[in-house]
Ligand code: HEC
Ligand code: HEC
Ligand code: HEC
Ligand code: HEC
Ligand code: HEC
Ligand code: HEC
Ligand code: HEC
């Protein structure tokens, strides 16, 4: 099978004259990037093993409300197929261009009948402009902070160079690609899909080769609850279970605290390397450490707010001094939670407003704003991007619940 380099060599940039008309011969841009070789046969996942999954629609008949509200959450739509609604960037002329730090390079985004496309235009000399076009294949990100897009080259999955930035409502350079470069070379590894999708089948030889038809996008109910077929069958039978514990379905709410947190830590403790076990082999209830490296950060080392949610929460006195706090103490993953004041009753489950050191001076002004001061939004150092020369860093809620003396009321 061809290696990454030869695959890239075949991804030609079309050479255009300065007028934008194609000229020969075509030449390719330098490849850059590389896929880690994938050892064939490492992943035993077969279609047979997918048996038992029934999909969210099958839950509707008995859990209608949960499915309806869940489908409005960021988890549910964290990856989707591209369409006019799912892509948040603007394709209208004028708004569909991204300039870069390199004055000879810009990108154009287009909606055509055949789909959505990104094209890089690179002026290489007075007389020569090269161009490369790729099609949006997968949308990653619900768009809370932004979205990034993937494209297919055969069965290879790669990141597109242009992303979308919600705060500015603009196209932006994709994180990981240097501003001013016309690379289409970042392979998408299985861990990315493990966190942002439900199912995929690796087909090798490279780690970004997937069976396109196997992709189950978005995070579905069964990612956290396990396969639903037996559960459905039992409740449809003439003698349905008398107790939910005989329901043949995983309820993480019944796990010990560590195992509950592991369900979330699969995706919320950073992109640590997987141990030598196949992708997708973690099931809720398993010990996550058997599956990925989860090094405990030393007490004074900074932990990034993106991807460090679990580690930061574990550093909080709230977490350390309570035996019961889990992610579900504050989060109901089955519905969108956008109102900060709605989290206050969670704090007041364990605290009194009056015990806040600020209460004496500020009184009930602080009532609705515990989160603003004790879990401030802070910029991540991990997802850095740029648009038209401006550096972009999204702000993420710090889960180390603590005293931040500089924090102000909103
Ligand atoms: C034929 C009806 C039916 C279908 C279909 C169904 N469920 Fe259930 N489910 C039930 C019933 C009934 C209960 C028990 C409710 C109770 O006792 O509170 C239940 C309970 C559960 C529980 C809690 C189990 C526990 O230990 O407390 C979970 C989680 C669950 N279902 C998830 C799902 C998911 C996910 C799907 C779709 C993949 C699904 N169910 C499909 C009927 C169904
Ligand atoms: C399979 C990976 C995965 C698992 C498991 C997972 N999450 Fe997430 N979670 C994500 C991703 C990816 C996002 C970002 C979604 C987006 O905006 O595109 C996210 C976003 C969130 C958000 C922000 C939602 C919003 O609308 O602001 C919360 C809260 C959250 N997760 C909590 C949890 C909790 C609690 C658990 C465990 C019960 C959990 N997650 C399990 C991947 C996961
Ligand atoms: C270990 C799990 C994990 C991996 C691997 C991972 N992500 Fe994420 N990603 C998350 C979580 C969790 C969030 C949101 C919460 C946060 O910022 O901590 C997120 C946020 C995002 C967002 C912003 C979503 C929004 O709606 O604002 C984008 C875009 C994104 N990831 C793309 C990717 C791409 C593309 C890859 C792979 C090339 C990738 N991520 C790899 C877990 C992961
Ligand atoms: C990101 C992980 C995650 C996803 C996705 C998820 N759940 Fe849950 N679910 C949990 C956790 C954790 C609990 C236990 C804590 C709680 O009740 O919130 C739970 C509890 C439940 C329960 C039992 C408790 C109750 O409130 O009745 C049902 C039923 C259920 N989920 C159904 C679903 C259905 C149906 C879907 C898809 C529409 C779904 N879940 C998607 C994590 C998840
Ligand atoms: C499950 C119970 C629980 C919940 C929920 C909870 N806390 Fe705590 N919190 C504690 C405990 C226990 C302590 C430690 C008190 C002690 O040791 O005296 C603590 C400590 C604190 C501290 C002192 C931190 C420090 O580093 O000195 C602050 C501030 C705080 N909590 C704020 C909050 C806020 C704000 C919320 C809601 C977002 C919250 N807590 C939710 C149990 C909880
Ligand atoms: C003490 C309450 C509390 C606990 C416990 C908690 N969270 Fe949160 N979480 C919040 C609040 C408050 C927000 C802010 C919601 C918002 O800004 O809309 C939040 C936001 C998030 C977000 C979105 C962050 C962003 O800025 O994009 C993610 C992801 C998340 N939580 C995951 C988790 C996970 C995973 C756990 C368990 C390890 C957890 N949370 C435990 C209160 C909590
Ligand atoms: C304006 C910002 C601000 C708001 C809003 C706020 N706090 Fe605080 N809180 C602080 C600061 C600063 C301290 C520590 C300094 C002090 O004692 O003056 C503190 C201290 C605390 C402590 C630790 C007390 C101790 O003696 O260890 C707790 C618990 C606490 N706050 C809970 C809350 C809760 C619950 C809310 C919401 C009802 C809240 N805070 C709202 C800024 C705030």
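In this note's numbering, the protein residues as written are 15 to 424.
Quick reminder that beta carbons are idealized off the backbone N, C-alpha and C, glycines included.
- In the structure shown, the three-state DSSP call for residue 81 is helix.
- A Cβ closer than 6 Å to some heavy atom of ligand 7 marks a residue here, and those residues are 358, 361, 365, 367, 369, 370, 371, 372, 380, 381, 383, 384, 386, 387, 388, 417, 419, 421, 423.
- Residue 76 counts as exposed, since fewer than 16 other beta carbons sit within 10 angstroms of its beta carbon.
- Ligand 2 has a heavy atom closer than 7 Å to the beta-carbon of residue 280.
- Residue side-chain check: residue 233 places its Cβ nearer than 7 Å to a non-hydrogen atom of ligand 2.
- Ligand 3 has a heavy atom closer than 7 Å to the beta-carbon of residue 154.
- Runs of the beta strand (DSSP E) lying entirely within the region 323-406, each at least 3 residues long, are 391-393, 399-401, 404-406 in chain order.
- C-alpha of residue 104 to C-alpha of residue 366: approximately 47 Å in a straight line.
- In the three-state reduction of the DSSP assignment, residue 249 falls in the helix class, which pools H, G and I.
- Given a length threshold of 4 residues, each whole run of the alpha helix (DSSP H) inside the region 224-297 is given here in chain order: 235-239, 243-250, 271-282.
- As computed with DSSP, residue 136 is found in a beta bridge with 119, 144.
- Three or more beta-carbon pairs drawn from the region 78-95 and the region 147-160 are found closer than 8 Å, and the two stretches are therefore classed as touching.
- The beta carbons of residue 412 and residue 319 sit about 5 Å from each other, so the pair counts as a contact at 8 Å.
- Nearest neighbour of residue 304 by Cα position, chosen from 294, 207, 249, turns out to be 294.
- Under the three-state reduction of DSSP output, residue 205 falls in the helix class.
- The alpha carbon of residue 337 has as its nearest neighbour, out of 300, 144, 275, 373, the alpha carbon of 275.
- In this chain, residue 415 is not harboured by any beta strand (DSSP E), its DSSP state being neither H nor E.
- Distance from the Cα of residue 153 is smallest, within the candidate group 342, 321, 231, 138, for 231.
- When Cβ pairs closer than 8 Å are counted between the two stretches, the region 239-250 is seen not to touch the region 213-228, the count staying below three.
- Rounded to whole angstroms, the Cβ separation of residue 385 and residue 354 is 5 Å, and the two are in contact under 8 Å.
- DSSP places residue 215 outside any beta strand (DSSP E), giving it a letter other than H or E.
- In the three-state reduction of the DSSP assignment, residue 93 falls in the strand class, which pools E and B.
- With a cutoff of 7 Å, residue 265 counts as near ligand 1, since its C-beta is closer than that to a heavy atom of the ligand.
- The nearest non-hydrogen atom of ligand 1 is less than 7 Å from the C-beta of residue 258.
- Fewer than three pairs of CB atoms, one per stretch, sit closer than 8 Å, so the region 105-119 makes no contact with the region 246-263.
- The DSSP-derived three-state label of residue 156 is coil.
- Annotated three-state conformation of residue 184 is strand, per DSSP.
- For residue 176, the enclosing beta strand (DSSP E) begins and ends at 176-179.
- By the beta-carbon neighbour count (other beta carbons within 10 angstroms, threshold 16), residue 86 is exposed.
- Boundaries cannot be given for residue 101, as no beta strand (DSSP E) includes it and DSSP labels it neither H nor E.
- By the CB criterion at 8 Å, residue 326 and residue 179 fall outside the cutoff.
- Within the same chain, 239, 258 come within 8 Å of residue 265 by CB-CB distance, once the 5 residues on both sides are set aside.
- Under the three-state reduction of DSSP, residue 72 is assigned to helix.
- About 12 Å separates the beta carbons of residue 117 and residue 193, which is beyond the 8 Å limit, so they are not a contact pair.
- At the C-beta level, residue 142 and residue 131 stay beyond 8 Å of one another.
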